[in-house]
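Chains as they are written, first to last, in the working numbering: chain R, 1 to 469; chain C, 1001 to 1469.
Number of protein chains: 2
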Amino acid sequence: MIILDNNSQTPLYAQIYEQLKQEIATGILPEGSRLPSTRHLAQTLAVGRNTVEYAYLQLSSEGYVTSRVGSGFTVEKLSGFMYLTNKKDSPQVEQSSAQDKEPSNLYPYHFQYGNLSAQDFPIHMWKKISSKALASLTAEDMTAYCDKMGEMDLRHDLSVYLQESRGVFCSSEQIIICSGFDYALTLLCQLLRNKMTHIAIEEPGYIGAKNIFIDNGFTLLPVPVEKDGLNMEELERSSADIVYVTPSHQFPTGAVTSIQKRLLLLEWAKRKNGFIIEDDYDSELRYHSRPIPSISSVVGNEHVVYIGTFSKALSPSLRMSYMVLPKKLLNLYHNELNMQQTPVSILDQRIIQELMRSGYWANHLRKTCVVYKKKHDVLIRTISETMEGMVKIHGKNAGLHILLESLQGLTEKEMIERAKEHGVLVMPVSIFWSDPTNYSDNMVLLGFGNISEHDIIQGIKALSLAWKI
Amino acid sequence: MIILDNNSQTPLYAQIYEQLKQEIATGILPEGSRLPSTRHLAQTLAVGRNTVEYAYLQLSSEGYVTSRVGSGFTVEKLSGFMYLTNKKDSPQVEQSSAQDKEPSNLYPYHFQYGNLSAQDFPIHMWKKISSKALASLTAEDMTAYCDKMGEMDLRHDLSVYLQESRGVFCSSEQIIICSGFDYALTLLCQLLRNKMTHIAIEEPGYIGAKNIFIDNGFTLLPVPVEKDGLNMEELERSSADIVYVTPSHQFPTGAVTSIQKRLLLLEWAKRKNGFIIEDDYDSELRYHSRPIPSISSVVGNEHVVYIGTFSKALSPSLRMSYMVLPKKLLNLYHNELNMQQTPVSILDQRIIQELMRSGYWANHLRKTCVVYKKKHDVLIRTISETMEGMVKIHGKNAGLHILLESLQGLTEKEMIERAKEHGVLVMPVSIFWSDPTNYSDNMVLLGFGNISEHDIIQGIKALSLAWKI
DNA sequence: GGGTATTTGTCCGTATGTATG
DNA sequence: TCATACATACGGACAAATACC
């Protein structure tokens, strides 16, 4: 950046000359690069064009740059001695901290959780839809702040989809378009922070949600997860007035909250005048099982906040999710947070709207479900065949992960280490317990979203060898 | 949503039949709409295909639907008596709260602040760049979580741009890609919340930032803004260890922080071991004046957080901004907030990267600057010509707004009301004071980003009539 | 604009449990 | 007790219609 000082003794053109020479000598302006045109530089520096021209001429006469009519000034190759060594160093920063993900390519078979399978992404359809959405954008769309809660058309289509497929009965006014799940939950925390302080969470439960609650000053009250959902007695005993749940496929155990418990939860929330936060993160992905209506679908859902996402069934890098607020919180939102703009660009919103409007969304969901169902079935079948009696499978028939419990007394650490020695990456589960002493320390998590059917078979075979006693 | 009960006495096909009949009768499935194909519904309900077929057949024989090979089942027109009246009503919600923006089309001349001028947006270039970016996306891009701080390539290009045009000297590792300014500031608040509590803000100052600070539990300490920036004595007297400033074009007064005060601010921050939050929101838009290097450009910027945005010089609905963290805060970020994903979609990131890489960004900035400079000049000239002695202009030569101070003793309310009567919309300034008693109550804000040169002239003429005493 | 792959309703056979005689 | 008929549920084969290049 060139900085001019009006009060300096050195004339303006000399200042420009000096600073450009410096930039060339230090390599900031490398050989072959073009100087800004005299007109442009003059404009940005708010000086006359001739001032810049003087400076350029001097550089030119000293051989730093050459000029050609119509193509500007170009930096020449410097003789060695012209280079300066005091090139500013970029501030050194600790390499982007502890890499939280192990380099997965070290292990031929990686059962990581999170990413999806690239081979199965409908990239062609995606680009088509995106192009359409892009074409629909006008200059007006680009130059105006859009609706703070998200485009109305998108929210309407979403409300229809939610009603049809998840039973969530809401109007489009209740929906807020968010970037990721993080964003939705953070927003919700901002709403609830001053009203309530104690939040019941699932034990074990999704650590991402817990971190956000902690960051926002909530006190966490872990409640054990049973086969059919939260232990309601423990919840009743707790002093919580909010509860965070993943009822359709509990993370990480995979437990499905029974209808009875869903009703109990609603009763609890009503009695406490509190809220249920329903995280429906992978509800679209069910295999061999009936769709389970969301808690929010039960009549009188005045106490349920529903959060859904496109990260699991569509794309994690799209960064889009949505939150349905009950009336009470909606008013709070309008009164307290109406300054914050939506975090999602108008283009992304249009793309998703085009996706839903055109019917491709329903189509995509069906296909995606089939794809991951195949992977799931192969995984379950191979485990049953090769690891008979060695492990118990938890949380199958939905989502993108399962839990394996060792029946041979292996600890989590042993399971992971032995697996690594056989070239298989499996994930720890311990991190999901708030109180580690609650954990039986004999499970691992296997994600199957981003691994081929072939690798699933090979990986499980390797695992069975690794864990054989 | 169709819900099946395995334990019910009524057979599955009958349950499906009943619920579909209900949906048709209540109008949820309107005349002419298609039922899901037997295969698809069978898949989602996890039943056999013929089970669905039985249900459809019954609906068909009763005249609710008709079937055609290859094109599915279609809902027929119902005779009136078949309709049910107990159609669920969408939950009624207070109409999206107090509309904060007045319908601007009521006034022929609207000097609103925020939106940009659609006529001047390079929609063609934008679509070209976006198409390129879209084409570059792979299935891998779409199925993997991307870098939590933003794509490395984009951050690198941004660091080069920041160095060249704003003098900000940072490595790409220090940059975090954010959705809007809101997001960046909220993230920063999460970082600082537990370390510091008192934050000095400009009086008057940007209300959006203040709200975010308050939402995050900070105590605000207003410090008066003078001609050349903050009153440093007041800042010294305050107990703040963070200060939020808009040094290149103070909002709303337009004051430019002098070099001397910038150095004093840095000294202050060093002494307090605190931080300067530099909001460089409209630094790209300067007219008739030299670029002012950012505070962050001064050597030893270990105490400056720099925030920039694309909302002013490019597009508000793009929802993209960026934050440069000093080393200390960067480490804190990696240790405490490394769970949160970036809020910006991979597509938007690629678009901006393509924009910068291709050189269109520099080009666009130049053109945009010329466009708004013209508007600015017309605005200033017309005011000088028609309102001689009536008003004083504050904060010209930059950005997208100015302040007008009445020299005739008109109050803000009078100025706004009289303007409205003459068909001109001007904005209040009072909301930007934390303590209203500090305000002389004789100013209004005029945004000129989204109004044509012709309307500027007409609007100012109308204003001069409106305010004539 | 014409050929091809996919989708879709239709028809077929089969299995299971229950009621009937 | 056994044979028969019926209701319910499931999956495969086929041709028409549609969607996609």
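Don't be surprised by glycine CBs; every beta carbon is placed ideally from N, CA and C.
Near-chain R residues of the region 1125-1147 of chain C (beta-carbon distance less than 8 angstroms), N- to C-terminal order: So the list reads W1126, K1127, S1130, S1131, L1134, A1135, L1137, T1138, A1139, E1140, D1141, M1142, T1143, A1144, Y1145, C1146, given in the order they occur along the chain.
Cβ neighbours of G1114(C) in the same chain (closer than 8 angstroms, five flanking residues each side left out): Around G1114(C): P1316, G1447, G1449, N1450.
On the criterion of 16 or more Cβ atoms from any shown chain inside 10 Å, does G399(R) qualify as buried, or is it exposed? Classification of G399(R): buried, given that the 10 Å Cβ count is 16 or more.
Cutting at 6 angstroms between CB atoms, please list the residues of its own chain near V378(R), excluding the five before and the five after it. Within its own chain, the residues whose Cβ lies closer than 6 angstroms to the Cβ of V378(R), once the five positions on either side in sequence are excluded, are E453, I456, listed in chain order.
To be precise: take each residue of the region 1111-1123 of chain C, compare its Cβ to all Cβ atoms of chain R, and keep it if any distance is under 9 angstroms. Which residues remain? Of all residues in the region 1111-1123 of chain C, only G1114, N1115, L1116, S1117, A1118, Q1119, D1120, F1121, P1122, I1123 come within less than 9 angstroms of chain R when Cβ atoms are compared, listed by chain position.
Taking DSSP's pairing of strands, which residues face F111(R) in a bridge? Per DSSP, none; premise fails for F111(R).
Are at least three pairs of beta-carbons, each pair with one atom in the region 1223-1241 of chain C and one in the region 1270-1285 of chain C, less than 8 angstroms apart? Judged by pairs of C-beta atoms under 8 angstroms, the region 1223-1241 of chain C touches the region 1270-1285 of chain C, as three or more such pairs exist.
What is the C-beta distance between S1294(C) and E1278(C), in whole angstroms, given that I count them as a contact (C-beta under 8 angstroms)? Contact between S1294(C) and E1278(C) holds: CB atoms are separated by about 6 angstroms, below the 8 angstroms threshold.
Could I get the ranges of all uninterrupted beta strand (DSSP E) runs contained in the region 193-228 of chain R, with 3 residues as the minimum, in chain order? Positions of the beta strand (DSSP E) runs, each at least 3 residues long and wholly inside the region 193-228 of chain R, are given as 198-203, 219-226 in order along the chain.
Please report the straight-line C-alpha distance between V391(R) and A1269(C), rounded to a whole angstrom. When rounded, the separation of the alpha-carbon atoms in V391(R) and A1269(C) is 58 angstroms.
Answer with yes or no whether the minimum CB distance from P291(R) to chain C is below 9 angstroms. P291(R) counts as touching chain C.
How would you list, in chain order, the residues of chain C whose beta-carbon sits under 9 angstroms from the beta-carbon of L347(R)? Residues of chain C passing the Cβ test: S1130, S1317, L1318, S1345, L1347, D1348, I1351.
Compile a chain-ordered list of the residues in the region 1208-1228 of chain C whose CB is closer than 9 angstroms to at least one CB of chain R. For the region 1208-1228 of chain C, which is checked against every Cβ of chain R, the residues closer than 9 angstroms are G1208, N1211, I1212, D1215, N1216, G1217.
With respect to the alpha helix (DSSP H) encompassing L952(C), which residues constitute its N-terminal and C-terminal limits? Not covered by the structure: residue 952(C). The range shown for chain C is 1001 to 1469.
Given the structure, does Y1113(C) come close to the ligand SAM, in the sense that its CB is under 8 angstroms from one of the ligand's heavy atoms? Only the bare structure without any ligand can be found here, which leaves the ligand SAM out of the picture.
Kindly say whether S1008(C), judged by its beta-carbon, lies nearer than 9 angstroms to any beta-carbon of chain R. S1008(C) does not count as touching chain R.
So, is H334(R) buried or exposed, given that buried needs 16 or more other C-beta atoms within 10 angstroms? With a threshold of 16 other beta carbon atoms within 10 Å, H334(R) meets it and is buried.
Have a look at S1008(C), V1429(C), H1422(C) and flag the residue whose alpha-carbon is nearest the alpha-carbon of G1459(C). Looking at the Cα atoms, H1422(C) is the closest of the given residues.
Comparing the C-beta of T1074(C) with each C-beta of chain R, is any distance below 9 angstroms? Chain R contact via Cβ: absent.
List the residues that DSSP assigns as beta-bridge partners of A1255(C). Beta-bridge pairing links A1255(C) to no other residue.
With the cut-off set at 9 angstroms, would you say D1182(C) and G1150(C) are in Cβ contact? The Cβ atoms of D1182(C) and G1150(C) do not sit closer than 9 angstroms to each other.
4-residue-minimum alpha helix (DSSP H) runs that sit fully inside the region 379-434 of chain R, ordered along the chain: You should have 412-421.
With DSSP collapsed to three states, give me the class of Y1054(C). Residue state, collapsed to three classes: helix.
For R1286(C), the three-state DSSP class (helix, strand or coil): Looking at R1286(C) - three-state DSSP - the assignment turns out to be strand.
Status (buried if at least 16 other CB within 10 Å, exposed otherwise) for S1179(C): Its Cβ being crowded by 16 or more others within 10 Å, S1179(C) is buried.
Delimiting residues of the beta strand (DSSP E) encompassing E278(R): Where E278(R) is concerned, the enclosing beta strand (DSSP E) stretches over 275-279.
With burial defined as no fewer than 16 other Cβ atoms inside 10 Å of the residue's Cβ, what is the status of E354(R): buried or exposed? E354(R) is buried by the Cβ-count criterion.
The alpha helix (DSSP H) spanning I295(R) covers which residue range? Unbroken run through I295(R): none, as it is neither H nor E.
State the CB to CB distance for the pair A46(R) and H1288(C), rounded to an integer number of angstroms; the pair is presumed to be in contact (CB under 8 angstroms). Their Cβ separation, rounded to whole angstroms, is 6 angstroms, which keeps A46(R) and H1288(C) in contact under 8 angstroms.
State the start and end residues of the unbroken alpha helix (DSSP H) segment that holds T38(R). From DSSP, the alpha helix (DSSP H) with T38(R) extends over 38-45.
Mind listing which residues of the region 319-339 of chain R have their C-beta closer than 9 angstroms to chain C's C-betas, in chain order? Taking 9 angstroms as the Cβ-Cβ cut-off against chain C, the residues of the region 319-339 of chain R that qualify are R319, M320, P326, K327, L330, N331, Y333, H334, N335, E336, L337, N338, M339.
Q1341(C) CB to nearest chain R CB: under 9 angstroms? With 9 angstroms as the cut-off, Q1341(C) counts as an interface residue toward chain R.
Residue range of the unbroken alpha helix (DSSP H) whose run includes S1136(C): Segment 1123-1136, the alpha helix (DSSP H) holding S1136(C).
Given that a residue counts as buried once 16 or more other Cβ atoms are within 10 Å of its Cβ, and exposed if not, what is D280(R)? Counting of Cβ neighbours within 10 angstroms places D280(R) among the buried residues, the total reaching 16 or more.
Is the CB of V256(R) under 9 angstroms away from at least one CB in chain C? Chain C contact via Cβ: absent.
Contact set between R366(R) and chain C, taken where Cβ atoms lie within less than 7 angstroms: Going along chain C in sequence order, the residues near R366(R) (Cβ under 7 angstroms) are H1040, Q1043.
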